[in-house]
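Residue numbers (our numbering), protein chains in the order written: chain A, 1060 to 1548; chain B, 1060 to 1548.
Each remark here refers to the structure printed beneath this line.
Number of protein chains: 2
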Amino acid sequence: MTERATLEELVRLQGERVRGLKQQKASAEQIEEEVSKLLKLKAQLGPDESKQKFVLKTPKGTRDYSPRQMAVREKVFDVIIRCFKRHGAEVIDTPVFELKETLTGKYGEDSKLIYDLKDQGGELLSLRYDLTVPFARYLAMNKLTNIKRYHIAKDFDIAGQFDPMIPDAECLKIMCEILSSLQIGDFLVKVNDRRILDGMFAICGVPDSKFRTICSSVDKLDKVSWDEVKNEMVGEKGLAPKVADRIGDYIQQHGGVSLVEQLLQDPKLSQNKQALEGLRDLKLLFEYLTLFGIDDKISFDLSLARGLDYYTGVIYEAVLLQTPAQAGEEPLGVGSVAAGGRYDGLVGMFDPKGRKVPCVGLSIGVERIFSIVEQRLEALEEKVRTTETQVLVASAQKKLLEERLKLVSELWDAGIKAELIYKKNPKLLNQLQYCEEAGIPLVAIIGEQELKDGVIKLRSVASREEVDVRREDLVEEIKRRTSQSLCIC
Amino acid sequence: MTERATLEELVRLQGERVRGLKQQKASAEQIEEEVSKLLKLKAQLGPDESKQKFVLKTPKGTRDYSPRQMAVREKVFDVIIRCFKRHGAEVIDTPVFELKETLTGKYGEDSKLIYDLKDQGGELLSLRYDLTVPFARYLAMNKLTNIKRYHIAKDFDIAGQFDPMIPDAECLKIMCEILSSLQIGDFLVKVNDRRILDGMFAICGVPDSKFRTICSSVDKLDKVSWDEVKNEMVGEKGLAPKVADRIGDYIQQHGGVSLVEQLLQDPKLSQNKQALEGLRDLKLLFEYLTLFGIDDKISFDLSLARGLDYYTGVIYEAVLLQTPAQAGEEPLGVGSVAAGGRYDGLVGMFDPKGRKVPCVGLSIGVERIFSIVEQRLEALEEKVRTTETQVLVASAQKKLLEERLKLVSELWDAGIKAELIYKKNPKLLNQLQYCEEAGIPLVAIIGEQELKDGVIKLRSVASREEVDVRREDLVEEIKRRTSQSLCIC
């Protein structure tokens, strides 16, 4: 045994000793002592360069998706895409990276989160940070002034000069349709307008230069208390306490269209041109939302600010509400699951002549929604099928591989989702077990006798019932039996 | 006029002059002279920093996809995914970037094509180059020894220890099914085996250290002549001419299973253990391919080498064949549209203990296929619908926006794909025109009289026929009329 091998053996034995103590529920001190011995031995051993060649991980901030997670994703994406198509959207795609300068100056304080690539022969590139800026770049580059599109199944936007608030109302309708279809619990869509925020800042006495930074303080009110937000405004950002208090009086208000009407009567706010425009548009928006039957889902919330620099008008954000029924479940981390707004200036930033294309859109927080759906399925201990296989082609005796290959090929060619075990002579029991595990509903069993009779034994995995089906009828019989289970929901 | 404006005007006039000359088909010299004047004027003008703030482009090697291109992509992806699901595949996803060291040493000469990211706080990252290496990393990281999966709708792999050639045959079956379903013309799948190549190099007298570099020379034989390949082997790579000639005798052969049998009798090749294993496996493979009914699509081709380092067994590559029927069309750039092979060593490179997981897979050349399908549709001047909208909600008179919003909302809630024009008072003619352009088959027209009568006028865009439908029957009538047009093919 080499010295290294001896050390490895010692580490292994000491590891077993620690595990043994844990199983015996030994005292914490005893275990700690043995663990420390183990760590010393491991340190002596050092890293084994010859074996551990790689750190096996994904980059920080990224993750893999397992088949189970992808099955959940597929269902979520299916709901979203069906909704986008229902609203007549086309689809576009743009590269995962952009010229660095395309992304520069669009995200405010979020800019520091952008990944830059190494210089590629003179091109400075960054990974896209959202889909809105690449979309605006696409519009300017192709001189498009009019499009309704979605983008990798989560962003939907309407670009074009239209009558006020009609596309904005449709975006909110889409958000509500998607969140209702996903059945992830009750939700509320907070709505505000950048022009109302800016008008409010102006009449409260915030200097113009501080609008954006005060905006980002306001945005925190859904996570921390007003006192903390006020401290940040006064202490960090140098606002006079009186000014902060005036803001506080406004932003702690929320309600329906009646709050819009009340603020339209507000002697100061209604004197500010920007705020007045914003309030009038919100009033119109609420009319349309009532026609769409979703006004009860919408809350005008003066504390909603949204971080990104590019918004110019209506902004909105959907949050899940914890319902009493879920009290017994794990806390789901209530928070934003969809958001968006109007950004009328962004395309003009890319156009050589500064031509503006008004845009309004929304983005679905798919990652957050995946986690919520996953967690819920786990809580319900629900089995998630990760394949759609309808039938396993199996054999009852040995030496039937060729017959299995012929039959499975026939089924594939007829459009049936079919599998076989990649073994020459698998046991029937193992084949049936595979169906149980993978949730395959049917087994087509080939046997010597069946071959002679020109039939296939079709077995239902759930009921264990078996019937002989004439080979020429097999495809139709499988289609008939699985037609109900084709529903994806 | 400022000096800049004057210069701009001059450039404009000179540009018009050049265009005019071109229209008149003036002599090349004349045009060239005027173009050179134009260029001089433009140089004087210089870049206009105030307007042209950005270079409007996507990074080198990337492109956007327009709605039309995406519609083609969707159809192609639909064919591919349906096939993968028919074969019982699960789906996984991995991040777009990986730790740099994950990709290092897997691609041979292709490594220089990898995009590196800037250091992200100590993590050296690269964009993924294919999906095979991330898949192998995923298997090792999750200690999986058994999975059949696809990855973003183009890569399919079977991992696991199975009886020989069964999964390999299924991969070839999948390739043939997809290429047939896509209807992009006749194709051929070239098959070879790394072990046969290596055995052949050995018996021809290639030194071990030159196997990989000679492999990459062989791989060029589908693009350049044998003489050029030989020149590279002898001139650049220092092979003895006699050795190169021996290789040449082998790699210019291709055929079916009879060539496999012939080479099994080859006195030298059959003495090489590796080559013998490869040939025996190919013989078995051809048996399975015959059972799958695709042996006529397969050609054993000794010149097929495949560039990537990680292949260890069977390799394959599908090429399109120019059929006589296409003679009139634009040349399609015949070439590889799908490829793959067996890589039994790759997962072990990631596993700390070097545990091997045998894998075989394929990748569909989706970008190439998109171009081919696009080009074909253009040649046929076929209209591609980019939305699936079934009905436009329109109005015959003014002041019916609210009624339109109510009706379209009813339709959305009933699952109908519906749109409306985002104007308060659009003209009926404009609304009908929009349907023609967008290929929307039906128009639901609201009018004062219809509202009183409780009906909606349903118009077929193609036939211009109109019928009054009771409002409560509208959803069913739209579903009935559009059920045939739901087919995606």
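Ideal placement from N, C-alpha and C gives every residue a C-beta, glycine not left out.
- Within the same chain, Cβ atoms closer than 7 Å to the Cβ of A1334 (chain B) are found at R1254, I1255, G1258, M1259, L1328, the five residues on either side in sequence being excluded.
- Three or more pairs of CB atoms, one per stretch, sit closer than 8 Å, so the region 1419-1434 of chain A contacts the region 1204-1220 of chain A.
- Within the region 1367-1454 of chain A, the complete alpha helix (DSSP H) runs of at least 4 residues fall at 1405-1409, 1425-1438.
- At a cut-off of 8 Å between beta-carbon atoms, I1225 (chain B) makes contact with chain A.
- Every beta strand (DSSP E) stretch that sits fully inside the region 1141-1168 of chain A and reaches 3 residues is listed by chain position as 1149-1151, 1156-1158.
- I1139 (chain A) and M1234 (chain A) have their C-alpha atoms some 9 Å from each other.
- Under a 10 Å Cβ-count criterion, R1208 (chain B) is classified as buried, with 16 or more other Cβ atoms of the shown protein chains found around its own Cβ.
- Within its own chain, the residues whose Cβ lies closer than 6 Å to the Cβ of I1206 (chain B), once the five positions on either side in sequence are excluded, are A1218, listed in chain order.
- Taking a Cβ-Cβ cut-off of 9 Å, the neighbours of M1200 (chain B) in chain A comprise L1115, K1116, T1117, D1123, given in sequence order.
- If you draw a 10 Å sphere on the C-beta of A1195 (chain B), you find 16 or more other C-beta atoms in it, and that means buried.
- L1451 (chain B) and C1142 (chain A) have their alpha carbons spaced roughly 16 Å apart.
- Nearest in C-alpha terms to L1231 (chain B), of all of B:K1486, B:S1542, B:E1346, B:S1519, is B:E1346.
- Scanning chain A for C-beta atoms nearer than 7 Å to the C-beta of K1134 (chain B) yields nothing, as the closest lies near 12 Å away.
- Within the same chain, and ignoring the five residues on either side of K1159 (chain A) in sequence, the residues whose Cβ sits closer than 7 Å to its Cβ are D1175, L1183, L1184, S1185.
- Counting only the Cα atoms, V1319 (chain B) lies some 6 Å from L1338 (chain B).
- Contacts between T1448 (chain A) and chain B, judged by CB atoms closer than 7 Å, involve G1147 in chain order.
- For R1253 (chain A), the enclosing alpha helix (DSSP H) covers residues 1253-1263.
- At the C-beta level, G1513 (chain A) and R1529 (chain A) come within 8 Å of one another.
- Taking L1115 (chain B) as reference, the option from A:D1403, A:M1408, A:E1426, A:C1263 with the minimal CA-CA separation is A:M1408.
- The Cβ of F1345 (chain A) sits no closer than 8 Å to any Cβ of chain B.
- The shortest C-alpha to C-alpha distance from K1465 (chain A) to any of B:F1270, B:E1229, B:F1246 is the one to B:E1229.
- Taking a beta-carbon distance threshold of 8 Å, Y1188 (chain A) does not count as an interface residue toward chain B.
- Contacts with chain A at 8 Å (Cβ-Cβ) do not include M1234 (chain B).
- In the three-state reduction of the DSSP assignment, R1365 (chain B) falls in the coil class.
- If you draw a straight line from the Cα of I1173 (chain A) to the Cα of K1269 (chain A), it comes to about 24 Å.
- Exclusion of the five residues before and after L1367 (chain B) leaves Y1166, G1167, D1169 as the residues of its chain whose Cβ lies within less than 7 Å of its Cβ.
- Contact of K1476 (chain A) with chain B is assigned, a C-beta pair being separated by under 8 Å.
- Using a CB distance cut-off of 8 Å, L1380 (chain A) does not count as an interface residue toward chain B.
- Taking a beta-carbon distance threshold of 8 Å, F1260 (chain A) does not count as an interface residue toward chain B.
- If you draw a straight line from the Cα of R1127 (chain B) to the Cα of I1480 (chain B), it is about 21 Å long.
- In the three-state DSSP reduction, E1182 (chain A) falls in the strand class (E or B).
- Sequence-distant Cβ neighbours of V1288 (chain A) in its own chain, meaning closer than 6 Å and more than five residues away, are S1276, K1279, L1280.
- Taking the Cα positions, E1149 (chain A) is about 40 Å away from Y1402 (chain B).
- Think of a sphere of 7 Å around the beta carbon of R1427 (chain A): no beta carbon from chain B falls inside it, the nearest being about 17 Å out.
- Judged by beta-carbon spacing, I1237 (chain A) lies beyond the 8 Å limit of V1432 (chain A), meaning their Cβ atoms are not closer than that value.
- Counting every other CB atom within 10 Å of its CB across the protein chains shown gives D1245 (chain A) a total below 16, marking it as exposed.
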